[in-house]
Amino acid sequence: MSSKIYDFSSLTGSIDAALNSWMSPGLAVLTELVIIGLVFLIFYALLGLFLVYLERKVCAVIQNRVGPNRVGKWGLLQTIADLIKLLMKELIPIRKADHLLFVLAPFIVIIASFMAMGAVPFAKGLHVLDFNIGVFYVMAVSSLGVVGILIAGWSSNSKYPLIGAMRSGAQIVSYELSVGLSLMAIVVFSGTMSLSGIIESQADGWWIFKGHIPAFIAFIVFLIASTAEINRGPFDLAEAESELTAGFHTEYSGIKFAFFFLAEYINMFIVAALGATVFLGGWMPFHIGNWEGFNQVMDYIPSIVWFFTKTFFIIYVIMWFKWTFPRLRIDQLLTLEWKFLLPISMFNILLIAFLVLMHWHF
Amino acid sequence: MSEEIIKDVIVRENEDYIINMGPQHPSTHGVLRFEVCLKGETVKYLIPHIGYIHRGIEKMCEADTYQQIIHLTDRMDYLSAHINNEAVCMVVEEAMQVEVPERVKYIRTILDELNRLASHQLWWCAFGMDLGALTAFFYGLRDREHILDIFEESFGSRLLHSFNTPGGLMHDVHPNFQKRTKEFITYFRKKLPEYDQLLTGNIIFQERVKGVGYMSREKAIAYGVTGPSARGSNLACDIRKIAPYGAYDKVQFNEILMTEGDTFARYQVRMGEMWESMKIIEQLIDNIPEGDFTAKMKPIIKLPAGEYFKRVETARGELAVYVVSDGNKTPYRMKFRSPNFSNLFVMNELAAGGKIADLVAISGSLDLVIPDIDR
Amino acid sequence: MSLSVFMFYLLSGIILTFSVLSVTTRRILRAAVYLLFVLVATSGLYFMLKYEFMAAVQLTLYAGGIVVLIIFSILLTHHISHRFKRPETMNLLMGIGVAVVGSGVVLATLLTHPFIASNSPELPVDMSVIGNQLLSTGKNGYVLPFELISILLLAAMIAAIIIAKKDKNKNSEI
Amino acid sequence: MNSISKYFSDLFKGISSLWAGMRVTGKYFVSPGQIVTQQYPENRATLKMEPRFKGEIIMPHDENNQHACTGCGICEINCPNGSIEIITDRVPNADGKLERVIDKHIFHLSMCTFCGLCVKTCPSDALAFGQEFEHAVFDRHKLTKVLNQPGSSLKKEAKK
Numbered sequence: 429m430s431s432k433i434y435d436f437s438s439l440t441g442s443i444d445a446a447l448n449s450w451m452s453p454g455l456a457v458l459t460e461l462v463i464i465g466l467v468f469l470i471f472y473a474l475l476g477l478f479l480v481y482l483e484r485k486v487c488a489v490i491q492n493r494v495g496p497n498r499v500g501k502w503g504l505l506q507t508i509a510d511l512i513k514l515l516m517k518e519l520i521p522i523r524k525a526d527h528l529l530f531v532l533a534p535f536i537v538i539i540a541s542f543m544a545m546g547a548v549p550f551a552k553g554l555h556v557l558d559f560n561i562g563v564f565y566v567m568a569v570s571s572l573g574v575v576g577i578l579i580a581g582w583s584s585n586s587k588y589p590l591i592g593a594m595r596s597g598a599q600i601v602s603y604e605l606s607v608g609l610s611l612m613a614i615v616v617f618s619g620t621m622s623l624s625g626i627i628e629s630q631a632d633g634w635w636i637f638k639g640h641i642p643a644f645i646a647f648i649v650f651l652i653a654s655t656a657e658i659n660r661g662p663f664d665l666a667e668a669e670s671e672l673t674a675g676f677h678t679e680y681s682g683i684k685f686a687f688f689f690l691a692e693y694i695n696m697f698i699v700a701a702l703g704a705t706v707f708l709g710g711w712m713p714f715h716i717g718n719w720e721g722f723n724q725v726m727d728y729i730p731s732i733v734w735f736f737t738k739t740f741f742i743i744y745v746i747m748w749f750k751w752t753f754p755r756l757r758i759d760q761l762l763t764l765e766w767k768f769l770l771p772i773s774m775f776n777i778l779l780i781a782f783l784v785l786m787h788w789h790f
Numbered sequence: 274m275s276e277e278i279i280k281d282v283i284v285r286e287n288e289d290y291i292i293n294m295g296p297q298h299p300s301t302h303g304v305l306r307f308e309v310c311l312k313g314e315t316v317k318y319l320i321p322h323i324g325y326i327h328r329g330i331e332k333m334c335e336a337d338t339y340q341q342i343i344h345l346t347d348r349m350d351y352l353s354a355h356i357n358n359e360a361v362c363m364v365v366e367e368a369m370q371v372e373v374p375e376r377v378k379y380i381r382t383i384l385d386e387l388n389r390l391a392s393h394q395l396w397w398c399a400f401g402m403d404l405g406a407l408t409a410f411f412y413g414l415r416d417r418e419h420i421l422d423i424f425e426e427s428f429g430s431r432l433l434h435s436f437n438t439p440g441g442l443m444h445d446v447h448p449n450f451q452k453r454t455k456e457f458i459t460y461f462r463k464k465l466p467e468y469d470q471l472l473t474g475n476i477i478f479q480e481r482v483k484g485v486g487y488m489s490r491e492k493a494i495a496y497g498v499t500g501p502s503a504r505g506s507n508l509a510c511d512i513r514k515i516a517p518y519g520a521y522d523k524v525q526f527n528e529i530l531m532t533e534g535d536t537f538a539r540y541q542v543r544m545g546e547m548w549e550s551m552k553i554i555e556q557l558i559d560n561i562p563e564g565d566f567t568a569k570m571k572p573i574i575k576l577p578a579g580e581y582f583k584r585v586e587t588a589r590g591e592l593a594v595y596v597v598s599d600g601n602k603t604p605y606r607m608k609f610r611s612p613n614f615s616n617l618f619v620m621n622e623l624a625a626g627g628k629i630a631d632l633v634a635i636s637g638s639l640d641l642v643i644p645d646i647d648r
Numbered sequence: 539m540s541l542s543v544f545m546f547y548l549l550s551g552i553i554l555t556f557s558v559l560s561v562t563t564r565r566i567l568r569a570a571v572y573l574l575f576v577l578v579a580t581s582g583l584y585f586m587l588k589y590e591f592m593a594a595v596q597l598t599l600y601a602g603g604i605v606v607l608i609i610f611s612i613l614l615t616h617h618i619s620h621r622f623k624r625p626e627t628m629n630l631l632m633g634i635g636v637a638v639v640g641s642g643v644v645l646a647t648l649l650t651h652p653f654i655a656s657n658s659p660e661l662p663v664d665m666s667v668i669g670n671q672l673l674s675t676g677k678n679g680y681v682l683p684f685e686l687i688s689i690l691l692l693a694a695m696i697a698a699i700i701i702a703k704k705d706k707n708k709n710s711e712i
Numbered sequence: 002m003n004s005i006s007k008y009f010s011d012l013f014k015g016i017s018s019l020w021a022g023m024r025v026t027g028k029y030f031v032s033p034g035q036i037v038t039q040q041y042p043e044n045r046a047t048l049k050m051e052p053r054f055k056g057e058i059i060m061p062h063d064e065n066n067q068h069a070c071t072g073c074g075i076c077e078i079n080c081p082n083g084s085i086e087i088i089t090d091r092v093p094n095a096d097g098k099l100e101r102v103i104d105k106h107i108f109h110l111s112m113c114t115f116c117g118l119c120v121k122t123c124p125s126d127a128l129a130f131g132q133e134f135e136h137a138v139f140d141r142h143k144l145t146k147v148l149n150q151p152g153s154s155l156k157k158e159a160k161k
C-alpha cells in the first residue's frame, strides 16, 4: 500500500485529541457525535439535492431536452427551489388514516438510509463506522427501510398506496437475497466482511478485474438487484406512476413526500457507494500491475476523488438504465429474481469458492 | 358517509377490491374512469365509465351549417383531426354530387397519412410511458414535432387544423410543403429503427406485451373493434382498402395484419403502419397534380333531403359519418360512429384475468382518445 | 454517569416502553411497529457489547425479516379500521399476574446471581472465528447442528414450494 | 439439456436486447444532437411564427387608419361560436345618403376556436390572422377585443 494517499484518520485523530484536551472524555465523545451528526445531515441534504439535479440533467440529455435551466446557472438551484416549495406545501391530513404511523413512515425510511450511510468509507480514514462486519451491517440496516414503505402504504388508508406497499414488500424481500449473495462473492474473495478490509484487499487491483468473470457477473447481479431494492426504474413498481399514480406515497404531501423522495436518492447513493467500495476498490486509486510511474501518478489523485468518481459512475449507470427500460410487471420481477438472478449468483458463489480454494485469483 | 358504505368497498376476504382508475389517472390519457375490481394484483373485471367530457357534438352539429361542423369534428379525435374533417367534407361532397379536384384528393391523402403518422408517434410515446419507458415518450414527441411544424406552416395550427372545407381545402398548401414533407420522410426513416431498438426489441417490453390482452378475431367483430387494434387480430378492416377514398386507390400499400391478437400484435400493426404511411406519402408527394384547391361550392350548402353515409379510416379505426338532411342548411341529424367508442368497450374482455400493469398496457395498445369516446 | 451507561439506560428504556406499548395497543400494525423498535433497540445493546455480528443478525433476521413478514401479513389480512377488543378484566388481571410473576422470577435470579466484573480486555468477535466455529468438526464445533438446520430449512422450502405450486391441470382450466 | 440451452439463449438474447436499447440512449447522452426544446420566454425576440399562424383575428389597418370592413356581417353569421359581434352605425356620406359603417367590430377571443371561417368568407378581406399567441390575461374582459381602431374609417377602394 502506497503511503502517499492522504489519510483522513490523522485529521480526525487530531480533532479527537484537541477535543479531549479541552473537555472531559465523555463530553468529547458527545461533541464528536454532534459534529458527525451535523456533518452528515448537511452532507445528506446537499447530496440529495445534487442527485435530484443530476438525475434531471442526465435524463434530459438522454431525452434530447435541456433539463432544468432557469433557477441559477444551468438550473443548479432548481432543486433548492423545489425543496423550498415542498417545505411550504400543506401537509394534508388524511381522514381515517393511522396518523401516528403515517407520520412515522417517512422517518423510518430516512433513518434506515442514514444508518446505512454511516458505514460508507468516503476516503482513506474517513469512516464513521468501521465494523468488521461492514457489508453485513449495511445489508441489515438497509432492510429496515422497507418497513417504512410498508407502513406508509398501509397507514394512508388508500388503495393505490396499499398495492404499492405490497409490491414493494415482495420486491425488496426477494431481491435482498441477490444483493447479499453478490456481495458475498467479494467477501469470499477478500476473506473479510469489513469494508475497510475489502478496500485494503484491492490495493493491487480492483475485484472486478482481479476476480475474473465471476466477479463481473456478481457486479452485474449486484447492480440489478440493488436497483430493485432501492425501488428505482425499471423496478419502480412500488410507485409505478402509470399504474398506481404514485404508489406508496400517493397520499403524502409537502416535506413528508420530500423525505421519501430524498431517501430514494440517498439509497441510490448508498448502493452505488457500496458497489464502488466492494467491486471497484472504493477510494483505492487505479493501479496497473508494475507500472510504477503510472501508479504513482494515480496516487496523487486524492482518495476522496476516487471514491466519488466511482460512485457517480455507478449512479450514472443506474440512471442510464432507468431512463432506457420499461417497467417490469410484478410477476416478471419475481421471475427475474428467482429464476435468473438467484440461481446465477448461487452458482457464481460456488464458482468463486472453487477459484479461491484453488488460489486462482490474483 | 356512514362507516358501512366505506367498509363495503374495502378489501375483506372474498370481497371485491375496487379501485377507480381515473377520471384523473396517468394511464387513462384523459378523463376516462375505469372501475377496476381487483383480486390481489389480478383484475377481475372492469367497468368503463364515460361521459366526463361529453360536449354534445352531435347535437351541436344540428345547429351548425356544414362548413361550421368541420371545426367540431376536429375536437372529437383530436389526434386525427384532419381525417375527421375529411369524413364530413366527403359526405357533403357526395350529397351535393361535387367532384373535388385531383389536387385536393392528393393533398388530403398526404395530410391524412401525415396525421396518421403523428398520431401513431404520439401513441408510441404514450405507450412507452404507460409501460414506464419515459425516454420513448420524448423521442416520439421529438419526431412528431417535425410533422406539427409542417402542419403549422401550411394550416397555421398544429393540432386542430380545420383545413378541409366541403369541396376542397381552406387554401392551398404552403409552397414549402413538398420539400419539408420529403425531408421529414428521410429523417423519420432513420429514426424509426431507433424506436425498434429502444422498445420493440427490448426483452422487458416484449415480456410485458406478448400474450397480454388477447383479442380473438370473433371478439373483435363482436365488439365492433376497428383500426389497428382489430388488424392485430387478423381482421382486415382497413377502409382505405375496402372503400378507397381520396387518392388511396392510386397508391400501393399493404394492410398490416397480425394473427396473434395480443398487445404486441397491435403494437406491431401500428409500427408497420408508420412504414406504410411513409410509403404512401412518398408515392404521392412528387405527383401532386396542379389545379384548384377547391371545387366550386355555393356559399350556403343545403344538402338535398335524404340520408348520407361515408366512412374513413382514422388513426384509430373506422369513423363513419351519417347525415340525415331535410333540405335545410343544417343537418337534421348527424351521427358519428367513432372508433374509440367501440374499441373501449372490449377492454373488460381483454383486461380481465390480467394484472393491473397489463391493464395499463392494454388500454395503451387500444390507443384510446377520450374526447372521441364521449364526443 | 458515563455516556455508555446513559446509552444503556436509554436503550433499556426504549425496550421496556415499546414492549409494554406493543402488547397494550389495540391496533395491530402499531403493535408490529413497536415490536420493531424493541428489536432495533435490542440490537443497539448488542452493538454496545461490541457484538456486532449478533447485532447485524438481529437487525436482518428480526427487524428486517420477521417484522417485515408480520407487517406484510397484516397488510394482507387486516383493514386499517380494525381494532382489537379490550380484553376482559379477568383475562387482563391474569395476564398482568403472569407477567409480574415471570419478571419477579427473572429479577430475583438476576439480583441473587453474583456477577463478577471482568477486567480482561473485550474480545473482538472476528467473523472468521465464527465461520470456522460453525463449520468445525472438532470440539465446540457446530457442523452437525448447522447441517441439521440446513436440512430442516431445505425440507421446509420444498414443502412450501409443493404447497404453493398449483395443480397444472387445474390451473389450465381457470 | 434442451431447456438448459434455451435458458441460456434466452438470457443472452435478453441481455443483448437490453444493450441495444442502452446503446440508443447512450448515444444520445454522448451526442444529444438536436434539442427541440424552445427556450420560450428568452427566445421571444427570435421566435417567429409561421406566416399562416392562426394567432388571433385582427383587422389590418393601413397608414391612414383605414380598414376594409364594410360591416356586412358575413363573418358574424359564419362564426360557429358567435365570437364575432358587429355593431354598425349609419352615417351620412359625402352625397348625403346614409351609409352603413361599423361602429365596433367586437371579437370574443375567449370563444374563438380559430377555424378560420370568418377570414375565409370575408368578401372584402378585412380580417386576417395575427401572429400574437400570448393570450393569457388576468381578466377575462380583456379577451373581448374591438378590432377596428378608434377613429378608423373604411377604405375607399374597398367600397366598390
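From first to last, the protein sequence lines stand for chains A, B, C and D. In terms of the numbering used here, the first sequence opens at residue 429 and continues consecutively. In terms of the numbering used here, the second sequence opens at residue 274 and continues consecutively. In terms of the numbering used here, the third sequence opens at residue 539 and continues consecutively. In terms of the numbering used here, the fourth sequence opens at residue 2 and continues consecutively. No residue lacks a Cβ here, since even glycine has one placed at the ideal position from N, Cα and C.
is_contact[residue i, chain E] using C-beta, thresh 8 Å
i, result
"Trp-582 (chain A)", "No chain E appears in this structure, whose protein chains are A, B, C and D."
DSSP three-state assignment for residue i, whether helix, strand or coil
i, result
"Val-304 (chain B)", "coil"
"Asp-435 (chain A)", "coil"
"Thr-620 (chain A)", "coil"
"Val-138 (chain D)", "coil"
"Lys-160 (chain D)", "Note that Lys-160 (chain D) scores a pLDDT of 47, beneath 50, so its modelled location is shaky and nothing firm can be said."
"Leu-48 (chain D)", "coil"
"Ile-529 (chain B)", "coil"
"Thr-587 (chain B)", "strand"
Beta-carbon spacing of residue i, residue j below 8 Å
i, j, result
"Glu-580 (chain B)", "Val-597 (chain B)", "yes"
"Phe-694 (chain A)", "Ser-452 (chain A)", "One detail in the question is off: residue 694 (chain A) reads as Ile in this sequence, not Phe. No."
"Ile-380 (chain B)", "Ile-561 (chain B)", "yes"
"Leu-442 (chain B)", "Tyr-351 (chain B)", "no"
"Ala-594 (chain C)", "Phe-564 (chain A)", "yes"
Beta-bridge pairing of residue i - partner residues as DSSP gives them
i, result
"Asn-66 (chain D)", "Answer is none; Asn-66 (chain D) lacks a bridge partner."
"Gly-441 (chain B)", "B:Thr-438, B:Thr-567"
"Gly-131 (chain D)", "D:Glu-57"
"Asn-776 (chain A)", "Bridge partners of Asn-776 (chain A): none, in fact."
"Phe-582 (chain B)", "B:Tyr-595"
"Leu-311 (chain B)", "B:Tyr-290, B:Val-316"
Interface partners of residue i on chain B, CB under 7 Å
i, result
"Ser-798 (chain A)", "Outside the displayed range of chain A (429 to 790) lies residue 798 (chain A), so it cannot be described from this structure."
"Leu-19 (chain D)", "Asn-475, Ile-476"
Under 8 Å by beta carbon: chain A residues contacting residue i
i, result
"Thr-26 (chain D)", "Ile-490, Trp-748, Trp-751, Thr-752"
Interface partners of residue i on chain D, CB under 9 Å
i, result
"Arg-493 (chain A)", "Pro-33, Ile-36, Val-37, Thr-38"
Residue i: contacting residues in chain B (beta-carbon distance under 9 Å)
i, result
"Lys-7 (chain D)", "In chain order: nothing, as chain B lies at least about 14 Å away."
Proximal residues of chain C, C-beta to C-beta of residue i below 9 Å
i, result
"Tyr-565 (chain A)", "Glu-590, Ala-593, Ala-594, Leu-597"
Proximal chain C residues relative to residue i, where beta-carbon distance stays under 7 Å
i, result
"Met-516 (chain A)", "Result: empty, since nearest Cβ-Cβ is about 29 Å, beyond 7 Å."
message = Output needed in chain order: residues of the segment 582–611 of chain B with a Cβ under 8 Å from some Cβ in chain D.
response = none
key: chain D contacts made by the segment 755–776 of chain A, where a contact means CB separation under 8 Å   = Phe-768
request  = Give, in chain order, every residue of the segment 94–122 of chain D whose Cβ lies closer than 8 Å to some Cβ of chain B.
outcome  = Thr-114, Phe-115, Cys-116, Gly-117, Leu-118, Lys-121, Thr-122
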